[in-house]
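Here is the structure we will look at.
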Amino acid sequence: MNLPPFLIVTDLVSTGFYIIAFVLALLFLLILSILGKFLSLWFQAYVSGTPIPLFNIIGMSLRKIPPREIVNSRINLFKAGLKDISVSDLETHYLAGGHIPNVVEALIAADKANIPLDWRRATAIDLAGRDLKDAVQTSVNPRVIDVPSHGGYITGVAKDGIQLNCRARVTVRTNIAQLVGGATEDTIIARVGEGIVSAIGGSDTHKQVLESPQRISKLVLEKGLDSSTAFLILSIDIVEINLGENIGARLRTDQAESDIRIAKAEAEKRRAMAVAVEQENIAKIKDMEAKLVEAQAAVPLAMAEAFRTGKMGIMDYQRIQNIQADTNMRQSIAKPETERSV
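Mind the numbering: the sequence shown is residues 1279 to 1620 in the numbering used here, read in order.
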């Protein structure tokens, strides 16, 4: 059956309308599904009293920023009364590599605890690599640090030479103002240990330290050991102190032994020098005896020469012989009986 041309055109137009409507419906559903999560975040922010434009939320996703994290953080800050921190501030800190949830929780906790902490300082601390949330918690709930941290003892020696072994506990809280650039917990442990050693060394006797250990805490606290650190020292408590070695007696004993060794070395040196001098004198005596024998050997030669030249006669020679015999007799008489019998 052939239809009139106008009916055919009408039917085509009607079919095309349904197709276009169907396509538009699909596109609407597709766009709605894509924008669904953004619409839910927009609606969540709107009903929370801190509306965020929908296109701003979509732009976060395009800038690789998690929209849900930013929106939830903004709502938490707004509900906590921190209304000065904008969405742009949150986005900037995220793009800089910050940890938005930690910073937001720390700001809220600090505000509730009346701890002065603004957004600029909080983000600087977070970007510096410090755990801002833990720092705020330490400010509210002070931390106890053992000195020394590895479990041993801090050893000091009093002026009387007695060694004392101590163990202390330091109660600290975070110094937010110096958290960036301030020294860490290890510095506190080192300074407190140094202060304990100095306090014990300044005591006249070990009994003074044992009678009042609080003297150590007082002296250490007066030194201001928490300057330029990220902590404020609230108290230093000596939890254990006991006697060690008598270092003074051991040092005196070592000194006495050293003095003995030095004296022995000096005596041996003098003995060796005396032996050397004795040997030198013996050598000199031998040399003189050799010279004497040489001189005595020259006497007969001189006498023979005198005879030849006529300077000495027989009577002179006899006189010399008599004098020598008389000298030998006198020497024999002067010797002891034991030597004469021999």
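For every residue, glycine included, the Cβ atom is placed at its ideal position computed from N, Cα and C. These numbers come from a predicted model, not from an experiment.
Apart from the 5 residues on each side of it in sequence, Gly1471 sits with its Cβ closer than 8 Å to the Cβ of Val1425, Pro1426 and Ile1432 in its chain, given in chain order.
By the Cβ-count criterion, Tyr1324 is exposed, with fewer than 16 other Cβ atoms from all chains shown falling within 10 Å of its own Cβ. Apart from the 5 residues on each side of it in sequence, Glu1518 sits with its Cβ closer than 6 Å to the Cβ of Arg1445 in its chain, given in chain order. Shown here, Val1458 sits in coil according to DSSP, grouped into three states, outside any helix or strand. For His1428, the number of other beta carbons within 10 angstroms of its own is below 16, and it is reported as exposed.
If you compare the alpha carbons of Gly1327, Gln1486, Ile1343 and Met1581 with that of Asp1594, the shortest gap goes to Met1581. Taking each of Ile1297, Ser1513, Thr1483 and Ile1403 in turn and checking the Cα distance to Asn1524, the smallest one comes out for Thr1483.
Taken in chain order, the unbroken stretches of alpha helix (DSSP H) that lie wholly in the stretch 1356-1436 and span 4 residues or more are 1365-1373, 1378-1390, 1397-1405 and 1410-1418. A Cβ-Cβ separation of about 6 Å places Ser1506 in contact with Ala1461 under the 8 Å criterion. Secondary structure of Arg1445 (DSSP, three-state): strand. Per the DSSP secondary-structure output, Glu1518 pairs in a beta bridge with Arg1445. Taking all protein chains shown into account, Thr1587 has fewer than 16 neighbouring C-beta atoms within 10 Å of its C-beta and is therefore exposed. Leaving aside the five residues that flank Ser1417 on each side, the residues in its chain whose CB is nearer than 6 Å to its CB run, in chain order, Ile1393, Arg1451 and Thr1452.
In this structure, DSSP gives Thr1452 an extended state, which the three-state scheme calls strand. Uninterrupted beta strand (DSSP E) stretches at least 3 residues long and entirely within the stretch 1458-1541 occur at 1509-1524, given in chain order. For Ile1440, the pairing in a beta bridge is given by DSSP as Asn1524.
In terms of Cα proximity to Asn1419, the closest of Tyr1372, Phe1509 and Ala1552 is Phe1509. Taking the C-beta atoms as reference points, Asn1354 is found nearer than 8 Å to Ile1386.
Take the alpha-carbon of Ser1610 and the one of Arg1597: they are about 20 Å apart. In the same chain as Ala1436, and ignoring 5 residues on each side of it, the C-beta atoms closer than 8 Å to its own belong to Leu1442, Ile1478, Gly1479, Ser1481, Asp1482, Thr1483, His1484, Gln1486 and Val1487, in chain order. Secondary structure at Met1593: helix, using DSSP grouped into helix, strand and coil.
Put simply, of Ala1545, Gly1407 and Arg1346 the residue whose alpha carbon is nearest the alpha carbon of Ala1374 is Gly1407. Cβ-Cβ distances below 6 Å link Ser1351 to Leu1368, Ile1378 and Val1382 in the same chain, with the five nearest sequence neighbours on each side left out; the list follows chain order. Here Thr1370 is exposed: its Cβ has fewer than 16 other Cβ atoms, across all protein chains shown, within 10 Å. Under the three-state reduction of DSSP, Lys1564 is assigned to helix. Taking a 10 Å sphere around the C-beta of Ile1467, we find 16 or more other C-beta atoms and assign the residue as buried. Taking Ile1511 as reference, the option from Leu1319, Thr1465, Arg1539 and Ser1318 with the minimal CA-CA separation is Thr1465. Distance from the CA atom of Ile1560 to the CA atom of Val1553, rounded to whole angstroms, is 10 Å. In the structure shown, Ser1318 falls within a helical segment according to DSSP collapsed to helix, strand and coil. Distances from the CA of Val1498 to each of Arg1447, Ser1536 and Lys1547 were compared; the closest alpha carbon is that of Arg1447. With a beta-carbon spacing of about 7 Å, Leu1529 and Gly1439 fall inside the 8 Å limit used to define contacts. For Ser1326, there is no enclosing alpha helix (DSSP H), as DSSP gives it neither H nor E.
The beta carbon of Gln1415 lies closer than 8 Å to those of Ala1387 in the same chain, with the five residues before and after it left out.
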